[in-house]
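This report refers to the structure that appears directly beneath it.
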Amino acid sequence: MTFREVRTRFAPSPTGTIHLGSLRTALFAWLWARHCGGKFLLRIEDTDNKRFDPGSVASIVNCLQWLGLDWDEGPDIGGPFGPYTQSERGQIYRDHAEQLITEHKAYCCFCSRERLQQLRESQKARNEQPRYDGACRDLSAEEVATRRAAGESYTVRLRIPSLERITFKDVIRGDITVSTSTLQDPILLKSDGMAVYHLAAVVDDHLMQISHVLRGEEWIATGPYHVMLYEAFGWEFPVWVHLPVILNPDGKGKMSKRNTGKHLMPVNVEDFVAAGFLPDAMFNFLSLLGWTPNATKDMFSRQELIDRFELDQISPSAAKMPYEKLDWMNREYLRSLSPQTFRDVATPFLAQAFNRSETVVARMESLNYVLPELQTRVKTLGEVSDWLPWAFKSAAEIEYEPVEMLIGRKLDSTQSAKVLQTCLELLEEANPFEPEVLKDLFSKEAQALNLKLGSMLGPPRGAISGSKVSPPLFEMMAVLGKNECRERILRAHSVLTSKSVTMA
RNA sequence: GCCCCCAUCGUCUAGAGGACCAGGACUCAAGCCUUUCAAGCUUGCUACAGGGGUUCGAAUCCCCUUGGGGGCACCA
């Protein structure tokens, strides 16, 4: 093979939101291009207008940009081999198909969809491999000419040579051999004149000088068509790299929404974005899904990943999506953020969760007391709000139900009420009203009362947060301020004493 | 049904004939610490799918079985 520049591409079809597996394909192609100092391009494969979804190009672009993948040529920025949208390249495909017809390597097929459908069904009924029977394969040139001239609808099919086997090379798996008994003359051009994927992809990959074709494993079976197409045109093969699919956690089928069980696990890239995964974490995680840089660590910077990436180290076997590992890695990235950055990235999520504007959330400066405490507690940005309902409620909105949340460990309700009373006094002493000061005061008091700090803090924790589990107490108090804390503890105290009376 | 691909701890994986009674990470479990929950620290559990070869020697090479996945459209 002659030396040439490494050029890879990501070629999604705009039929909806982009799947995590597709994003990984894009990432690997990008990684390889960047590793080699080559070019990465974006090409939109919209040859099927029936499945076209207008919003999806923008969505795909957003997802790529979110992950931090940039392209050197593409529909939005152009390039020397444009256009990069296949629906604008119809004539190119038609010309190439015509060339093959002239060279007797392809032919016009006038069979109707109905006939084809029936053929397939009868073959299946007989347990045969469904394939085209070649009815139009040897039509005379005259007949074809007259029928075309008459405006009869037809498709163009590639004439497949009758070999027994065809072999092509995949970087990850080595030689792949397919017997042609399973192959049929594939349609290249649909009756509407638009190319089918096989033709469009091969022609474009050649014209755009793609050196390495990275795509999903589901394309292995049709690999021979592409080989034969390259041969028919007399073009040099690209290097093929078929990436393994990502399976559902239970291993049953390709990672998908309907199969992920009770818990809603993200599948599409937009779902991961919405759940609050960080681009850096996803970049790191996805790079290591099916590839390892042969090291005993798994936290890598983008640059390290680019430097080390190698195609032949990619695993050939399909992996079950390891959601827990993604969670863990995302938390690692989350906790490595500066408090300010963490706050910035969390703000939109809080605004959405509590139905406030981002500006309002951004202005709640006292949140700074508690937000850093959440960096080790949360796996995604979407979970940050789970820890903060108390911060977005007024004292009156806090519900002490069940009332047990106001009872400290190893304390009864009378003692707990008493603790709340004491807290009220400590509140007034705290000056300034800061976590450190509060901690000092409460610790001393706990000692004086001969109580473990942990059990003494139970009642006020419940009173302040309305929950048994919360962020650290003193930080919460500092967020709310003295007056709000006093009000909550007062309320909690009265709830506790009245409930106690009823219980007694 | 036919064709193709794949197969190491529960999971993601390291391993390219001797350096492996199989290494790392996640998960899980226990202990310590502790302001609840986390985090942190320490320790621990668990794997070469099965059967045949090849070889002085196999997780590594070959074959079969089994299991899983993918494909068989005028979709990509």
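Anchor point for the first sequence: position 21 equals 83 in this note's numbering, and the numbering is continuous, going up by one each time. All C-beta atoms, glycine included, are put in the ideal place defined by N, C-alpha and C.
Taking residue i as the reference, give the member of the options with the closest Cα.
i: Arg439; options: Phe230, Met327, Lys186, Tyr395; result: Tyr395
i: Arg219; options: Phe404, Asp195, Pro142; result: Asp195
i: Gln437; options: Ser398, Glu459, Trp302; result: Ser398
i: Arg553; options: Glu498, Ala159, Ala458, Glu507; result: Ala458
i: Ile222; options: Gln246, Phe230, Tyr216, Gly213; result: Gln246
i: Lys480; options: Asp157, Arg370, Leu519; result: Leu519
i: Lys319; options: Leu473, Val329, Pro311; result: Val329
i: Ser84; options: Glu280, Asp110, Leu468; result: Glu280
i: Leu486; options: Asp312, Val541, Arg548, Leu178; result: Arg548
i: Leu513; options: Ile551, Ala336, Lys112, Leu473; result: Leu473
i: Thr109; options: Gly130, Pro74, Ala283; result: Pro74
i: Leu373; options: Gly140, Ala357, Ser349; result: Ser349
i: Pro497; options: Met539, Ser224, Arg235; result: Met539
i: Ala197; options: Ser243, Thr354, Arg177, Gly136; result: Arg177
i: Thr484; options: Pro494, Tyr462, Ala510, Phe495; result: Ala510
i: Phe339; options: Trp128, Ser560, Leu558, Ser556; result: Trp128
i: Cys125; options: Phe114, His158, Phe143, His81; result: His81
i: Arg227; options: Asp254, Gly255, Met290, Glu190; result: Met290
i: Lys252; options: Arg235, Ser174, Leu326, Ala187; result: Ser174
i: Ser556; options: Leu515, Arg523, Asp237, Tyr462; result: Tyr462
Apart from the five residues just before and just after residue i, which ones in its own chain have a Cβ nearer than 6 Å to its Cβ?
i: Glu332; result: Thr79
i: Arg567; result: Residue 567 lies beyond the residue range present for the chain, which begins at 63 and ends at 566; the question has no answer from this structure.
i: Ala415; result: Ser447
i: Glu435; result: Pro533, Pro534, Glu537
i: His97; result: Ile368, Phe371
i: Ala408; result: Leu443, Val446
Measure the beta-carbon distance from residue i to residue j and round it to whole angstroms, keeping in mind my assumption that it falls under 8 Å.
i: Ile163; j: Cys170; result: 7 Å
i: Arg471; j: Ser517; result: 4 Å
i: Leu269; j: Val258; result: In fact, because the Cβ distance is near 17 Å, the residues do not count as touching under 8 Å.
i: Gln161; j: Ile106; result: No, Gln161 and Ile106 are not in contact; Cβ-Cβ is about 24 Å, not under 8 Å.
i: Leu443; j: Phe411; result: 5 Å
i: Trp452; j: Ile551; result: That pair is no contact at about 13 Å.
i: Ser363; j: Pro306; result: That pair is no contact at about 25 Å.
i: Asp115; j: Pro145; result: Contact doesn't hold; Cβ gap of about 20 Å is too wide.
i: Val432; j: Val541; result: 5 Å
i: Tyr385; j: Pro311; result: 6 Å
i: Arg156; j: Gly255; result: 6 Å
i: Asp232; j: Val303; result: 7 Å
How long is the line joining the alpha carbons of residue i and residue j, rounded to whole angstroms?
i: Thr322; j: Ser379; result: The predicted position of Thr322 is uncertain, since its pLDDT is 47 and thus under 50; a value taken from the coordinates is nonetheless stated next. Going by the C-alpha atoms only, they are around 20 Å apart.
i: Ala424; j: Asn430; result: 10 Å
i: Val531; j: Leu482; result: 17 Å
i: Arg405; j: Arg86; result: 28 Å
i: Gly352; j: Gln153; result: 39 Å
i: Val465; j: Gln402; result: 36 Å
i: Met63; j: Glu298; result: With a pLDDT of 45 at Met63, under the threshold of 50, the predicted position of this residue should be treated as unreliable, though the coordinate-derived value follows. For Met63 and Glu298, the distance between alpha carbons rounds to 8 Å.
i: Lys324; j: Lys314; result: Bear in mind that a pLDDT of 49 at Lys324, under 50, signals an unreliable position, so the number given afterwards is only what the model happens to contain. The straight-line gap from Cα to Cα measures roughly 15 Å.
i: Pro286; j: Val264; result: 12 Å
i: Glu165; j: Ser241; result: 25 Å
i: Ser419; j: Ile460; result: 22 Å
i: Ser529; j: Met467; result: 6 Å
i: Val499; j: Leu450; result: 22 Å
i: Ser121; j: Thr208; result: 46 Å
i: Ala283; j: Tyr292; result: 16 Å
i: Asp132; j: Gln179; result: 43 Å
i: Val206; j: Asp200; result: 10 Å
i: Ala294; j: Ala211; result: 26 Å
i: Ser478; j: Lys544; result: 20 Å
i: Val301; j: Asp267; result: 11 Å
i: His288; j: Arg393; result: 43 Å
i: Ser560; j: Pro521; result: 15 Å
i: Val123; j: Ala262; result: 21 Å
Just to confirm my understanding: we take residue i, look at its own chain, exclude 5 residues before and 5 after, and list those with CB closer than 8 Å. What are they?
i: Gly100; result: Glu67, Val68, Arg69, Thr70, Trp94, Ser273
i: Leu503; result: Leu488, Glu491, Ala492
i: Leu309; result: Gly315, Lys316, Met317, Ala380, Ala381, Lys382, Met383
i: Glu214; result: Phe172
i: Gln375; result: Trp353, Thr354, Pro355, Asn356
Leaving out five residues before and five after residue i in sequence, what residues of the same chain have Cβ atoms less than 7 Å from its Cβ?
i: Met391; result: Ala343, Asn346, Phe347
i: Ala91; result: Thr70, Arg71, Phe72, Phe102, Leu276
i: Lys501; result: Phe536
i: Glu55; result: Lying before the first or after the last residue shown, residue 55 is absent from the chain, which here runs from 63 to 566.
i: Pro341; result: Trp128, Leu129, Gly130
| request: Quick one: which unbroken alpha helix (DSSP H) runs of 4-plus residues sit fully inside the segment 177 to 247? Chain order, please. | output: 203 to 211
| task | Can you check the segment 329 to 408 for any alpha helix (DSSP H) of at least 4 residues that lies completely inside it and give the ranges in chain order? | result | 331 to 337, 341 to 349, 364 to 370, 385 to 397
| task | List in chain order: all unbroken alpha helix (DSSP H) runs of 4+ residues lying wholly within the segment 67 to 126. | result | 82 to 98
| said: Report the start-end ranges of each alpha helix (DSSP H) in the segment 419 to 467 that is 4 residues or longer and not cut off at the edges. | reply: 420 to 425, 433 to 436
| Mind pulling the alpha helix (DSSP H) runs of 4 or more residues that sit fully within the segment 468 to 529? | 475 to 491, 497 to 511, 515 to 518, 520 to 527
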